[in-house]
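S.K.: Position 20 of the sequence shown, counting from 1, maps to 341 under our numbering, and the rest follow consecutively. Every residue gets a Cβ at the ideal spot worked out from N, C-alpha and C, and that includes glycine.
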Amino acid sequence: DQGRDFLAWKEMVESKKLSLIGPPTGIDGVFHGVWWHWMLLPVFWLWKGDPTKVVLTFNVTASLIIPLAFVLGKQLRDEEMGIILAAATTVSPFFISSAAQLWHPNVVPIVTFILVLAVWQVVRGNWSFTIIAAILGALFEFEFGTAGIFLPAFLISILIYTAMQFFAPA
């Protein structure tokens, strides 16, 4: 998959023709959106297409999930919870394997943590639901299955939360 993505960028750069479709999904003839390729572009140019440096850049970026886990735990409860959540994330085989390669679904863990942080901020009244819609769109972009799981849960949660706010006594 990594080689396919790099070859797609090499072809787009050399031919000076951009693609409006992204990498293929597991379903024959169905493609992800083009955002994955656009995320690769700055790093691809920065490292002049060197795949090892591009993969290293995304591996380091994927490691940002550890401080995100700390922030989430701290916001949900306290600093101790942040440390526990960050430590659990650090040793989790799932998160370790997702940071070990460059593949568009591997963006999902970071986006999921950002989604949970956003929902917490919406519940606290700090952010708008618009950010949740954008993050759910990113989940759809990078992995259909994951977004399919989260979308109904978040829609129901949003409806319940909105109804609670609407019917709350003044």
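Of the residues Leu397, Pro430 and Glu401, which one's Cα is nearest the Cα of Ser413?
M.R.: It is Pro430 whose Cα lies nearest to the Cα of Ser413.
S.K.: For a minimum of 4 consecutive residues, which ranges assigned as the alpha helix (DSSP H) are wholly contained in the stretch 365-427?
M.R.: Counting only runs of 4 or more, we get 372-383, 386-397, 400-412 and 414-419.
S.K.: Nearest by alpha-carbon distance to Pro344: which of Gly354, Ser336, Gly403 and Trp441 is it?
M.R.: Taking only the C-alpha atoms, the option nearest Pro344 is Gly354.
S.K.: Helix, strand or coil: how does DSSP classify Pro344 here?
M.R.: It is coil, neither helix nor strand.
S.K.: Relative to the alpha-carbon of Ala459, which residue among Gly403, Leu362 and Phe434 has its alpha-carbon at the smallest distance?
M.R.: Ranking Gly403, Leu362 and Phe434 by Cα distance to Ala459 puts Phe434 first.
S.K.: So who's on the other strand from Phe352, going by DSSP bridges?
M.R.: In the DSSP output, where bridge partners are listed per residue, Phe352 has Pro345.
S.K.: So, are the CB atoms of Val437 and Phe463 less than 8 Å apart?
M.R.: In this structure, Phe463 does not lie closer than 8 Å to Val437 by Cβ.
S.K.: Closest to His358 by CA distance: which of Ile477, Ser418, Asp326 and Val444 is it?
M.R.: The shortest C-alpha separation from His358 is found at Asp326.
S.K.: Just how far apart, CA to CA, sit Leu377 and Phe415?
M.R.: Between Leu377 and Phe415, the C-alpha separation is close to 18 Å.
S.K.: Only counting the same chain, and skipping five residues up and downstream in sequence, which positions put a Cβ closer than 8 Å to that of Phe391?
M.R.: So the list reads Gly403, Ile404, Leu406 and Ala407, once near-sequence residues are dropped.
S.K.: Give the secondary structure of Pro430 by DSSP, where H, G and I count as helix, E and B as strand, and everything else as coil.
M.R.: Correct three-state label for Pro430: helix.
S.K.: Have a look at Val528 and Val381 and give me their C-alpha separation to the nearest angstrom.
M.R.: Missing from the structure shown is residue 528; the chain here goes from 322 to 491 and no further.
S.K.: Which residue from Ser449, Leu361 and Lys338 puts its Cα closest to that of Gly324?
M.R.: Closest by alpha carbon: Leu361.
S.K.: Taking all protein chains shown into account, do 16 or more other C-beta atoms lie within 10 angstroms of the C-beta of Leu397, making it buried, or fewer, making it exposed?
M.R.: Leu397 is exposed by the Cβ-count criterion.
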